[in-house]
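Note that our numbering has the sequence shown beginning at 1023, numbered continuously upward.
Glycine included, every Cβ here is placed at the ideal spot set by N, Cα and C.
Below you'll find the structure, written out as C-alpha cells, and then a few comments.
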Amino acid sequence: MILPIVAYGNPVLRTKCEDINRDYPGLDKLIADMWETMYASNGVGLAAPQINKAIRLFVVDSAQMFEASEDTAEEFDDAPGIKEVFINPQILQLNGEEWDYEEGCLSIPKIREDVSRPELVTIKYFNENFEEKTVTYSGLSARIIQHEYDHIEGKLFIDYLKPLKRKLLKSKLDDITKGKVRVDYKMSFPK
Ligand code: NI
C-alpha cells in the first residue's frame, strides 16, 4: 500500500523517534508499505517519520542508483550498493573526509542543495529479521544512511545550510507546508 509522504512543516519530522520491539504490530506490512511508497516516489531512502510514524526505522536502496547508470560505479566506491532495512539504528562512528553531494528529500520536494557529510558511517542496527548487524558503509550508501538517520533524530538536510541560504528558501518551504507545490506522488500537508 502506498502511504502519503508527510510534507515539511509536520511536527513528526522534528521528533526524536523511539525504538521498537520485534513484536511491533504490523511491522512486516509497514516495511513492505515503506518500500512500495519509496519506489512509487522514486526515492532512494525513506524514514518512518516521513509516513507519520515516530519510530526508529528506515529503508535504503542505493543499488538502484548503480543499476541505473554504469557511471555510478566509477564515481562511488560502494558498488553494487545496498537494499537494506534499518531498525533501532545507532551510529557508532563517522569517519573519513567530508564531501559535498546535492541532496533532496521526499518531504521537501523541489529543493536540492549541497550537503557536506563524512565518507564513512559505522552503524549498529537490526534488519527486517531482527538480526543485529554492525557495518561500516561508504559512498552513496553512507550518504543516504546519514540522511535517513537524521530523519529519525528529527533533523532535515536543510538544517545544514548556511543561514542566508536557509532564508532564501523560506518562502519555498512555506509553500510546501501549505501544499502549494506540485508533486507526482501522494503527500499529506500540515495545513
Ligand atoms: Ni529525506
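Using 8 Å for Cβ pairs, my map puts residue i next to residue j. What's the rounded Cβ distance?
i            : j            : result
residue 1037 : residue 1176 : 5 Å
residue 1104 : residue 1082 : 6 Å
residue 1137 : residue 1125 : 5 Å
residue 1143 : residue 1113 : 6 Å
residue 1145 : residue 1111 : 5 Å
residue 1035 : residue 1160 : No, residue 1035 and residue 1160 are not in contact; Cβ-Cβ is about 27 Å, not under 8 Å.
residue 1102 : residue 1117 : That belief does not hold up - the Cβ atoms of residue 1102 and residue 1117 are roughly 22 Å apart, past 8 Å.
residue 1099 : residue 1084 : With 8 Å as the limit, residue 1099 and residue 1084 do not qualify as a contact, their Cβ atoms being about 12 Å apart.
residue 1180 : residue 1135 : 7 Å
residue 1162 : residue 1087 : 6 Å
Can you say whether residue i is buried or exposed, counting buried as having 16 or more other CB atoms within 10 angstroms of its CB?
i            : result
residue 1214 : Residue 1214 cannot be examined here, being either before or after the span of the chain that is shown, 1023 to 1213.
residue 1071 : buried
residue 1131 : buried
residue 1094 : buried
residue 1193 : exposed
residue 1067 : buried
residue 1056 : buried
residue 1032 : buried
residue 1115 : exposed
residue 1023 : exposed
residue 1069 : buried
residue 1012 : Any property of residue 1012 remains undetermined from this structure, which presents the chain solely from 1023 to 1213.
residue 1040 : exposed
Comparing the CB of residue i with every heavy atom of the ligand NI, is any distance shorter than 8 Å?
i            : result
residue 1072 : yes
residue 1170 : yes
residue 1067 : yes
residue 1104 : no
residue 1127 : yes
residue 1130 : yes
residue 1178 : yes
Contact between the segment 1023-1037 and the segment 1056-1072: three or more CB pairs below 8 Å?
yes
Sufficient close CB pairs (3 or more, under 8 Å) joining the segment 1166-1180 to the segment 1073-1092
yes
Output the residue ranges of the alpha helix (DSSP H) runs that lie fully inside the segment 1131-1186 and measure 4 residues or longer, sorted by chain position.
1161-1174
Does the segment 1199-1212 come within contact of the segment 1177-1189, defined as at least 3 CB pairs closer than 8 Å?
no
Taking only runs that begin and end inside the segment 1043-1079, name each unbroken beta strand (DSSP E) of 3 or more residues, in chain order.
1067-1069
What beta strand (DSSP E) runs, 3 residues minimum, are completely inside the segment 1076-1126?
1079-1083
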